[in-house]
Amino acid sequence: MSRDHQLSFGSGQVVAGSAAPEYRGSQNRINPEESLVSALAACHMLSFLTIVEKKRLVLLRYRDRATAELGRNEEGQTAITRITLNPEVELVPPLSEKQLNKLHSLAHKHCFIANSLAKEIAIEIAPRQRR
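Take the position in the sequence shown, starting the count at 1, then add 1453; the result is the number in my numbering.
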């Protein structure tokens, strides 16, 4: 039986969905795990952008390579057990690693998707900003 389906959003967007290939899904369609990680990454980025704007910093670049780990939860059920965000940003003026960590911590605190998830979310920031 095909796992392919359509995801329709209130904005009118339609996205081709499926299960992950490991679960007999189509590789060229979005799977639920990717959707969840993408929602978290987007929410974190938008929270970060709001904070940057309020602090009157200039964001030149934002890139994230978010990943998820599938494992077993405490009840032995298959679950996403960890999501890692890997944001790389370029700001003017450049910030110290400590200042950048503080901004990302604030963004995480204000991200409603992160606040809705019960599993571990790690934010691993690149050690240096590019100039």
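Where a beta carbon is used, it is the ideal one built from N, C-alpha and C, also for glycine.
Remember, predicted model here, so these are calculated numbers, not experimental data.
What are the boundary residues of the beta strand (DSSP E) that residue i is part of?
{"i": "Glu1522", "result": "1520-1525"}
{"i": "Pro1540", "result": "1540-1545"}
{"i": "Leu1460", "result": "1458-1461"}
{"i": "Ala1469", "result": "1467-1470"}
What residue from the options has the CA that sits closest to residue i's CA?
{"i": "Ile1576", "options": "Val1505, Thr1520, Phe1462, Ala1472", "result": "Thr1520"}
{"i": "Pro1546", "options": "Glu1528, Ile1574, Leu1513", "result": "Leu1513"}
{"i": "Asn1484", "options": "Asp1457, Gly1529, Ile1574, Gln1466", "result": "Asp1457"}
{"i": "Lys1572", "options": "Val1490, Tyr1515, Leu1460, Ser1549", "result": "Val1490"}
{"i": "Leu1553", "options": "Gly1529, Leu1502, Arg1477, Ala1492", "result": "Leu1502"}
{"i": "His1561", "options": "Arg1516, Leu1493, Val1511", "result": "Leu1493"}
With DSSP as the reference, label residue i as helix, strand or coil.
{"i": "Leu1510", "result": "coil"}
{"i": "Glu1573", "result": "strand"}
{"i": "Ile1578", "result": "coil"}
Cα separation between residue i and residue j?
{"i": "Leu1559", "j": "Thr1537", "result": "16 Å"}
{"i": "Glu1527", "j": "Ile1566", "result": "22 Å"}
{"i": "Ser1479", "j": "Cys1496", "result": "26 Å"}
{"i": "Arg1525", "j": "Ala1532", "result": "6 Å"}
{"i": "Gly1463", "j": "Ala1469", "result": "15 Å"}
{"i": "Pro1474", "j": "Arg1482", "result": "9 Å"}
{"i": "Gln1459", "j": "Ile1504", "result": "34 Å"}
What residue does the alpha helix (DSSP H) around residue i start on, and which one ends it?
{"i": "Ile1566", "result": "1565-1569"}
Please determine whether the Cβ atom of residue i lies at a distance below 7 Å from any heavy atom of the ligand PLP.
{"i": "Ala1494", "result": "Only the bare structure without any ligand can be found here, which leaves the ligand PLP out of the picture."}
Drop a sphere of 10 angstroms on the beta-carbon of residue i, count the other beta-carbons inside from all chains shown, and report buried for 16 or more, exposed for fewer.
{"i": "Met1498", "result": "buried"}
{"i": "Leu1523", "result": "exposed"}
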